[in-house]
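Engineer: Numbering (our numbering), first residue to last: 15 to 197.
Note that CB positions come from ideal geometry on N, CA and C, so glycine has one too.
Note that the structure is predicted; figures quoted are calculated from it, not measured.
(1) Can you tell me which of the three DSSP states residue 74 falls into?
(2) Over the uninterrupted alpha helix (DSSP H) stretch that includes residue 157, give me the two end residues.
(3) Output needed for residue 20: all residues of its chain with C-beta closer than 6 Å, excluding positions within five of it in sequence on either side, in chain order.
(4) By a C-beta neighbour count over all protein chains shown, 10 Å radius and 16 as the cutoff for buried, is residue 192 buried or exposed?
(5) Report the three-state DSSP secondary structure of residue 134 (helix, strand or coil).
(6) Could you spell out where the alpha helix (DSSP H) holding residue 67 opens and where it closes?
(7) Candidates 151, 159, 160 and 163: which alpha carbon is nearest residue 182's?
(8) Should the stretch 97–113 be called in touch with the stretch 36–47, which here means at least 3 C-beta pairs below 8 Å?
(9) Going by beta-carbon coordinates alone, are residue 163 and residue 123 separated by less than 7 Å?
(10) Would you mind reading off the limits of the alpha helix (DSSP H) that contains residue 110?
(11) From 87, 128 and 75, pick the residue whose C-alpha is nearest to that of residue 109; which is it?
(12) Classify residue 196: buried if its beta carbon has 16 or more other beta carbons within 10 angstroms, exposed otherwise.
(13) Assuming contact is defined by CB atoms lying nearer than 7 Å, are residue 127 and residue 44 in contact in what I supplied?
(14) Nearest-angstrom Cα distance between residue 117 and residue 102?
(15) Would a C-beta distance cut-off of 7 Å place residue 158 and residue 176 closer than the cut-off?
(16) Give the DSSP-derived three-state secondary structure of residue 24 in the structure shown.
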């Protein structure tokens with residue numbers, strides 16, 4: 015976990031380090047990333063890097079969560095109610111657009127193509143807490159985003175297919191809810 019020492023750095027120094035992390039992790043997978051390039055670009059000592067972060071994975075986690083927070087800033091993603099399929103599609107469209115037009119595009123793409131599997135747990139807790147329809151929706155959305163970032167020219171067809179699948183899932187979910195409520 016990123017240290018409070020890093021969090022309490024002045025904004026300029028924190029920005030230099032964050033920019034160096036972004037450059038490194040946008041151009042190199044986590045397995046190929048090097049602390050030496052980060053410290054050289056940011057102008058900090060190697061020991062300072064380890065004072066701020068436990069290791070490269072910790073630095074990567076900090077940066078990726080920072081980037082996602084920035085990308086999601088104006089996208090309504092927090093809701094206690096289930097969204098309609100069209101609302102999910104709009105969120106996907108917004109996320110792809112904001113990602114593509116952000117300074118984090120290469121990082122997000124690198125994450126989805128090379129680094130994501132390093133952060134997966136053998137059994138994700140959301141499988142326990144989410145119903146199967148919400149879980150399936152999230153899996154489909156995540157894969158659609160990944161496919162669009164890999165092949166942006168196919169965005170329209172991918173979103174159409176996603177909309178069709180989400181409609182089917184929503185219809186099936188409504189049947190499931192009415193069956194269980196009737197018992």
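Structural biologist: With the given structure in hand:
(1) helix
(2) 146–164
(3) 66
(4) Low confidence applies to residue 192: its pLDDT is 47, below 50, so where it sits in the model is not reliable, and the reading given next is rough at best. Residue 192 comes out exposed.
(5) coil
(6) Segment: none, residue 67 is in no alpha helix (DSSP H) and carries neither H nor E.
(7) 151
(8) no
(9) yes
(10) 99–114
(11) 87
(12) Its pLDDT being 47, under 50, residue 196 is placed unreliably by the model, and the measurement read from it follows with that caveat. Exposed: under 16 other Cβ atoms inside 10 Å.
(13) no
(14) 24 Å
(15) yes
(16) coil
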